[in-house]
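Trainee: Shown below is the structure under consideration.
Number of protein chains: 2
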Amino acid sequence: MSDHEQSKGGDPGVSRRNLLSGTAKVAALAGVAGASGGAGIASLTRQAFAQAVARRAQTAEVRPGDLDEYYGFASGGQSGEVRVIGMPSMREIMRIPVFNRDSATGWGLTNESRKIMTEGLLPATQKFLETRGGTFLNGDLHHPHMSFTDGSYDGRFLFMNDKANCRVARIRCDVMKCDKIIEIPNASDIHGLRPQKFPRTGYVFANSEHIIPIPNDGSVLDEPTKYWSVFTAIDGDTMKIAWQVLVDGNLDNTDADYQGKYAFSSCYNSERGVTLAEMTSAEQDWVTIFNLKRIEDAIKKGDYKEMSGVKVVDGRHGSPYTRYIPIPNNPHGCNMAPDGIHLAIAGKLSPTVTLIDVRKLDDLFDDKIKPRDAVVAEPELGLGPLHTAFDGRGNAYTTLFLDSQVVKWDIEKAKRAYKGEKVDPIVQKIDVHYQPGHNHSSMGETKEADGKWLLSLNKFSKDRFVGVGPLHPENDQLIDISGDEMKLVHDGPSFAEPHDCMIVHRSKLNPVIIWKRDDPMWEDIRQQAVKDKVNLEEAADVIRDGNKVRVYMHSNAPAYSLEKFTVKQGDEVTITITNMDDIEDLTHGFTIVRYGVMMEISPQQTASVTFVADRPGVHWYYCQWFCHALHMEMAGRMIVEPHAV
Amino acid sequence: MSDHEQSKGGDPGVSRRNLLSGTAKVAALAGVAGASGGAGIASLTRQAFAQAVARRAQTAEVRPGDLDEYYGFASGGQSGEVRVIGMPSMREIMRIPVFNRDSATGWGLTNESRKIMTEGLLPATQKFLETRGGTFLNGDLHHPHMSFTDGSYDGRFLFMNDKANCRVARIRCDVMKCDKIIEIPNASDIHGLRPQKFPRTGYVFANSEHIIPIPNDGSVLDEPTKYWSVFTAIDGDTMKIAWQVLVDGNLDNTDADYQGKYAFSSCYNSERGVTLAEMTSAEQDWVTIFNLKRIEDAIKKGDYKEMSGVKVVDGRHGSPYTRYIPIPNNPHGCNMAPDGIHLAIAGKLSPTVTLIDVRKLDDLFDDKIKPRDAVVAEPELGLGPLHTAFDGRGNAYTTLFLDSQVVKWDIEKAKRAYKGEKVDPIVQKIDVHYQPGHNHSSMGETKEADGKWLLSLNKFSKDRFVGVGPLHPENDQLIDISGDEMKLVHDGPSFAEPHDCMIVHRSKLNPVIIWKRDDPMWEDIRQQAVKDKVNLEEAADVIRDGNKVRVYMHSNAPAYSLEKFTVKQGDEVTITITNMDDIEDLTHGFTIVRYGVMMEISPQQTASVTFVADRPGVHWYYCQWFCHALHMEMAGRMIVEPHAV
């Protein structure tokens with residue numbers, strides 16, 4: 024944290040490098056020229072240079088050999104993955120498969136990944152997938168967010184939701200791999216997701232967007248009055264569901280406060296409609312406030328109903344556990360400001376953002392004030408306000424979907440205007456290209472918001488890039504917000520579809536570069552190897568166990584420890600490989616030709632894959648991650664003896 | 024082509040924009056300052072500015088609103104996809120799923136994509152996949168290359184290979200979607216792939232890398248003396264196999280000449296070994312030369328053997344159809360120079376690149392000269408030479424895997440040195456980071472090589488990016504080769520694993536931005552709709568046909584034409600949707616919650632998906648491509664009536 028504090032004043036390592044690159048060199052050059060020219064340069068010229076240097080420091084360019092200052096963890100939307108972006112360069116540095124299938128790493132093919140993808144599914148879903156290969160092939164990943172400690176990122180985990188198949192997943196930030204996926208019962212589709220900020224995560228909050236019968240087993244069908252939504256709190260440490268709250272309306276986006284007292288969810292369908300006309304009929308919907316302490320007490324004292332194995336508290340109108348604050352109109356974004364005070368709910372069909380002072384919520388729950396008394400501002404900002412970000416200096420930045428703009432506005436002025444003062448809270452509007460959804464500021468979802476960068480995740484790119492056919496990329500635009508004026512500095516095309524991104528200073532993360540041999544990811548393998556009396560690190564063994572064959576190898580570039588092995592047609596074969604190279608970046612792979620088998624084995628990692636050897640003949644296996652000058656020669660043969668004819 | 028010619032001298036649209044951006048502004052500013060300062064600026068200072076502006080023009084930065092000048096079509100390696108890169112910005116503009124499964128577009132889920140993924144598979148593979156969901160989940164895509172007409176890119180198709188499951192695929196450049204995938208019989212794993220350059224593509228050449236028994240049905244197992252490789256020529260227009268050639272040794276990379284007479288493949292395993300020791304035992308391997316005319320004549324006159332339905336010519340030693348030119352040592356890269364004369368084979372374990380003059384090949388085939396007589400240079404360049412690119416100005420650029428360098432060398436000097444003259448062909452070496460594999464120059468695989476940019480696809484990135492765990496990105500480095508000196512301008516992290524990239528000027532492509540309604544991609548749907556008397560463009564129909572239910576909708580943001588539909592548990596349901604929006608970039612999607620169903624429907628596209636409705640209850644479907652301010656409300660219900668209990 025001190026590193027990050029330091030970096031606010033300019034991380035010395037970064038800025039020194041910046042000073043030696045790019046336009047800084049122009050200034051340096053000119054200085055020399057001025058001196059050798061002997062005539063001196065007018066002070067105004069020097070000022071122009073200084074300005075040029077300052078402008079330079081605000082570009083997205085990160086020169087070869089320099090490092091990005093921030094990580095962006097971006098949703099891959101319907102691609103089902105999480106992306107690690109370097110910022111400000113906006114380069115995609117890594118993809119982390121989560122709800123998708125990934126050929127390169129074998130995500131969805133290896134035993135370790137299949138366990139993660141299946142063990143947290145509900146029994147009915149496991150049964151449903153039995154005839155479908157055992158796992159979902161798709162996901163719709165919307166909201167990746169890091170775990171918090173004391174109101175800021177702690178570098179432990181990322182959490183994210185799958186709207187398509189109603190799941191919540193976790194990524195370990197030390198190795199940047201998904202380690203848990205659970206399915207949420209009683210919910211239709213998980214949309215909004217955010218972690219508890221204080222005292223720590225703690226809870227991960229997740230919204231069921233659409234309303235459905237609970238249970239959704241066919242006993243209730245076309246009777247929408249019997250459809251409901253639930254708010255879910257998951258224990259981020261164990262990835263077990265702590266409790267759910269049954270609510271009126273539906274649930275869209277969510278966030279949590281900095282006091283550990285409340286969570287919030289926007290609702291665009293207070294009507295509980297099932298058609299577009301019904302969902303948009305009311306002029307106001309609401310934000311639902313969840314009182315964490317009261318809900319925890321309810322669980323303790325037994326004021327809940329058990330549904331699909333989960334403790335569900337009734338939070339509908341009249342409940343002591345929730346409050347509903349009216350908001351115009353089909354609101355969407357739900358963003359807690361880093362000041363710990365203000366919650367911004369974007370109006371979507373209303374041109375307003377509604378600002379709630381969370382210090383008033385105790386009184387609201389104690390019925391000392393009315394719901395709308397918690398509102399302290401409602402500035403009219405433009406058409407289609409969707410999400411709001413913050414710079415930690417009292418400004419808010421709201422995306423205007425219909426206007427294709429980001430509007431910067433002053434929170435205090437908006438409050439004064441709400442009280443009737445004639446003051447315009449709008450500081451600046453900047454065009455974005457085009458139709459922005461989420462936006463994000465550097466560290467802006469934490470109490471350490473540093474106001475350097477703003478990312479506008481635009482849903483359309485239209486003419487901003489060379490043509491690539493009917494399917495266009497999105498456009499993630501980087502805006503410099505470090506000065507008084509917003510400046511657009513970079514257009515970043517992206518594949519389907521960043522719904523969300525969190526921007527964390529690199530000092531908050533310390534990923535390992537080589538796996539630890541005792542990593543829990545391959546604990547099952549370890550136990551089986553003990554039973555088979557195999558030392559994984561020296562293995563070159565073929566263990567036959569009925570028609571199950573376990574093949575153990577290790578690898579050192581450019582060779583596997585087995586140059587061939589033989590099995591019988593119909594055997595169930597498990598291949599386990601340990602990559603004994605311990606050099607940074609020396610990843611191996613294992614692919615069997617025409618068998619659909621492929622996996623990643625990074626330095627010191629153990630990985631395994633199981634399949635039925637039902638094709639006879641000679642099948643080469645090879646390393647698919649380029650590892651060595653003799654990489655092409657890193658191969659061997661699986662010989663499958665045919666059934667007797 | 025004239026656009027491209029023009030752009031060599033500087034596309035006016037691009038350069039005008041460049042002049043108004045970035046450091047150009049510094050110069051402009053300084054000019055004003057100098058004038059108003061009244062003192063004038065020393066001419067040396069002005070020169071420094073001019074240099075700075077010149078340097079600016081060589082950076083990778085493409086400012087917001089400007090377009091890239093080149094497309095890069097990059098292999099996604101073991102990720103199984105093709106990537107469209109904007110160059111010089113190195114931004115990934117689109118992913119095209121090919122051998123992988125893609126959640127976002129429904130590649131592998133829609134009926135249209137599943138047909139492409141399955142219909143070209145061999146019967147034995149179709150049977151093998153029956154219990155595995157019908158399609159492979161993985162692929163190892165190495166070599167994307169564009170179709171040629173008269174020695175340059177013609178913008179029709181891209182072709183690419185799958186090493187993992189032995190397939191060749193095609194992408195239509197008008198819509199940037201894969202439209203054909205075929206599996207290659209008699210081959211182990213397809214590695215090298217290149218299209219015929221002249222008179223047109225024509226043939227697509229594909230190498231079987233490993234040697235296997237033919238047929239590989241289990242009748243021959245651990246008898247490597249009976250293993251062989253085949254060279255395959257595919258008709259790029261029909262995607263049918265034209266013929267194969269049985270060869271000695273194995274086949275690695277391939278290329279074709281500019282005369283339409285020969286194709287070439289490097290061989291690193293002339294030993295026909297099956298272990299690392301065996302494969303590296305000989306000091307020399309070879310490049311195999313294929314005489315296209317003689318092979319075509321052999322097919323005509325019946326000098327072939329039919330194997331797995333393919334006409335296979337015997338091209339082993341002694342054959343009139345091939346020649347084998349010895350090359351030191353386990354050679355890898357096989358690159359035809361844009362001069363139409365020189366073929367470069369990189370030595371890999373030898374520090375040399377062997378240069379062959381293809382004009383000598385007629386004599387070689389007529390036995391007037393010996394194989395090595397076709398060699399005209401063999402410069403010693405450094406350790407681990409893998410691939411060679413060209414600038415059209417007589418220079419070659421070879422990657423040195425072990426030295427982590429790109430070496431620029433002069434072809435004519437190399438030839439003079441080979442004749443014994445004391446001249447050093449090496450012009451410059453530049454460090455790359457780290458371990459380069461393929462490299463590519465702009466338009467460098469065509470007779471229009473323009474010598475502007477070189478891309479070095481490095482297999483390791485190590486410390487070049489912020490840490491992302493044990494699995495590192497690759498590093499695609501962009502090098503400016505427009506001047507006398509190579510200059511490194513950009514580090515581009517990339518996910519697994521660019522093996523290859525072709526760099527084509529944007530004037531060569533003209534993709535459509537909205538689908539044509541009569542596109543052949545959904546011809547099956549069209550025929551079924553006629554039978555069902557449904558107008559796809561106005562559809563809101565549910566057709567029951569036994570236990571098959573066909574649901575037809577169209578979409579206009581923000582609504583599907585059906586707000587709900589009802590089926591019975593166990594029905595086989597086909598959903599067909601036509602996106603009637605005809606606005607650029609207005610893609611819709613269709614996802615059914617907890618059903619693993621997801622697809623893309625771009626403007627004016629029709630797409631379909633089939634599944635069994637075996638989960639009862641209320642299942643929302645929704646649009647997963649953000650389309651409208653009311654996108655969240657674009658949803659409906661699939662009501663699945665349960666079996667009578």
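These protein sequences, in sequence, are chains A and B. Add 23 to the 1-based position in the first sequence for the numbering used here, that's all there is to it. Add 23 to the 1-based position in the second sequence for the numbering used here, that's all there is to it. No residue lacks a Cβ here, since even glycine has one placed at the ideal position from N, Cα and C. Computed from a predicted model, the values in this text were never measured in an experiment.
On the CB-based measure, 16 or more other CB atoms within 10 Å of its CB, does Val381(A) come out buried or exposed?
Mentor: Buried, because 16 or more other Cβ atoms sit within 10 Å of the Cβ of Val381(A).
Trainee: Counting contacts by CB-CB distance shorter than 8 Å, is Asn161(A) in contact with chain B?
Mentor: It does; some Cβ of chain B falls within 8 Å.
Trainee: So, does the CB of Ala658(B) fall closer than 8 Å to a CB anywhere in chain A?
Mentor: Taking Cβ atoms only, chain A reaches closer than 8 Å to Ala658(B), which makes this a yes.
Trainee: For the alpha helix (DSSP H) that contains Asp547(A), what are its first and last residues?
Mentor: Run containing Asp547(A): 546-554, per the alpha helix (DSSP H) assignment.
Trainee: Any idea if Lys431(A) is buried or exposed, counting beta-carbon neighbours within 10 angstroms, 16 or more meaning buried?
Mentor: It counts as buried.
Trainee: Can Leu494(A) and Gly131(B) be called in contact, C-beta distance under 8 Å?
Mentor: No, Cβ-Cβ distance for Leu494(A) and Gly131(B) is not below 8 Å.
Trainee: Rounded to whole angstroms, what's the CA-CA distance from Glu401(A) to Thr377(A)? Just pull it up for me.
Mentor: Cα-Cα distance, rounded: 4 Å.
Trainee: If you count every other CB in all the chains shown that lies within 10 Å of the CB of Val398(A), and 16 or more means buried, which is it?
Mentor: Classification of Val398(A): buried, given that the 10 Å Cβ count is 16 or more.
Trainee: Between which two residues does the beta strand (DSSP E) carrying Ala229(B) extend?
Mentor: Note, Ala229(B): beta strand (DSSP E), 226-231.
Trainee: Quick one, are the C-beta atoms of Cys290(B) and Trp309(B) less than 8 Å apart?
Mentor: A contact, by the Cβ cut-off of 8 Å.
Trainee: If you check the beta carbons only, do Lys371(A) and Asn352(A) fall under 8 Å apart?
Mentor: Cβ atoms of Lys371(A) and Asn352(A): closer than 8 Å.
Trainee: Residues in the same chain with beta-carbon distance under 6 Å from Arg295(B), minus the five sequence neighbours each way, listed in chain order, please.
Mentor: If we look at Arg295(B) and ignore the five residues flanking it on each side, its Cβ neighbours are Ile234.
Trainee: Using a threshold of 8 Å, state whether the C-beta atoms of Pro208(B) and Leu164(B) are closer than that.
Mentor: Not in contact: Pro208(B) and Leu164(B) (Cβ atoms no closer than 8 Å).
Trainee: In this structure, does DSSP put Gln451(A) in helix, strand or coil?
Mentor: Residue state, collapsed to three classes: strand.
Trainee: Which residues of chain B have a Cβ atom closer than 7 Å to the Cβ of Thr133(A), listed in chain order?
Mentor: Near Thr133(A) there are no residues of chain B at all, since even the closest Cβ is about 11 Å away, more than 7 Å.
Trainee: Roughly how many angstroms lie between the CA atoms of Ala286(B) and Thr277(B), to the nearest whole one?
Mentor: Spanning the two alpha carbons is a distance of roughly 7 Å.
Trainee: Using CA atoms only, rank isn't needed, just tell me which of Asp362(A), Gly356(A), Asn418(A) is closest to Gly407(A).
Mentor: Answer by Cα proximity: Gly356(A).
Trainee: Taking all protein chains shown into account, decide if Arg416(B) is buried (16 or more other Cβ within 10 angstroms of its Cβ) or exposed.
Mentor: Burial call: exposed.
Trainee: Taking 8 Å as the threshold (C-beta atoms), are Met661(A) and Tyr644(A) in contact?
Mentor: A contact, by the Cβ cut-off of 8 Å.
Trainee: Within the 8 Å Cβ cut-off, does Lys495(B) reach chain A?
Mentor: As written in the sequence, residue 495(B) is His, which differs from the Lys given in the question. Yes, contact with chain A.
Trainee: Specify the secondary structure class of Gly60(B) as computed by DSSP and reduced to three states.
Mentor: Because Gly60(B) carries a pLDDT of 32, less than 50, the predicted location of this residue cannot be relied on, and no value is offered for it.
Trainee: So if I threshold CB-CB distances at 7 Å, which residues from the stretch 459-481 of chain A count as touching chain B?
Mentor: Hits within the stretch, in order: Gly460.
Trainee: Check whether the Cβ atoms of Gly515(B) and Met199(A) sit closer than 8 Å, and answer yes or no.
Mentor: No, Cβ-Cβ distance for Gly515(B) and Met199(A) is not below 8 Å.
Trainee: Should Gly506(A) be labelled buried (16 or more other beta-carbon atoms within 10 Å of its own) or exposed?
Mentor: Exposed is the call here.
Trainee: In terms of residues, what are the limits of the beta strand (DSSP E) holding Ser289(B)?
Mentor: Here the beta strand (DSSP E) through Ser289(B) covers 285-290.
Trainee: How do the stretch 257-273 of chain B and the stretch 221-234 of chain B stand: do at least 3 beta-carbon pairs fall below 8 Å, yes or no?
Mentor: Yes, the stretch 257-273 of chain B is in contact with the stretch 221-234 of chain B.
Trainee: Identify every residue that forms a DSSP beta bridge with Ala367(A).
Mentor: DSSP lists Asn358(A), Leu378(A) as partners of Ala367(A).
Trainee: Quick check on the DSSP output: the beta strand (DSSP E) that includes Glu664(A) runs from which residue to which?
Mentor: Element bounds for Glu664(A): 658-664.
Trainee: Hey, could you find the ends of the alpha helix (DSSP H) Met151(B) is sitting in?
Mentor: Rather than Met, the amino acid found at residue 151(B) in this sequence is Phe. Taken as a continuous stretch (DSSP letters only), the alpha helix (DSSP H) holding Phe151(B) covers 146-152.
Trainee: In or out: Glu546(B) buried (at least 16 other Cβ within 10 Å) or exposed?
Mentor: Answer is exposed; the Cβ neighbour count stays below 16.
Trainee: Contact defined as beta carbons within less than 8 Å: I believe Trp476(A) pairs with Ile536(A). What is the distance between those atoms, to the nearest angstrom?
Mentor: Trp476(A) to Ile536(A), Cβ: 26 Å. No contact.
Trainee: Helix, strand or coil, according to DSSP, for His461(B) in the structure here?
Mentor: If DSSP states are grouped into helix, strand and coil, His461(B) belongs with the strands.
Trainee: Could you tell me which chain A residues have their CB closer than 9 Å to the CB of Gly640(B), listed as they occur along the chain?
Mentor: The contacting residues are Ile235, Pro236, Pro238, Asn239, Asp240, Gly241, Ser242, Val243, Leu244.
Trainee: Does any residue of chain B have a CB that is nearer than 8 Å to the CB of Asn188(A)?
Mentor: It does: the Cβ of Asn188(A) has a partner Cβ on chain B nearer than 8 Å.
Trainee: For Thr311(A) versus Ala369(A), is the C-beta distance shorter than 8 Å?
Mentor: Not a contact, by the Cβ cut-off of 8 Å.
Trainee: Around the C-beta of Gly45(B), are 16 or more other C-beta atoms found within 10 angstroms, so that it is buried, or is it exposed?
Mentor: A caution first: Gly45(B) carries a pLDDT of 33, below 50, which makes its placement in the model too unreliable to give a value.
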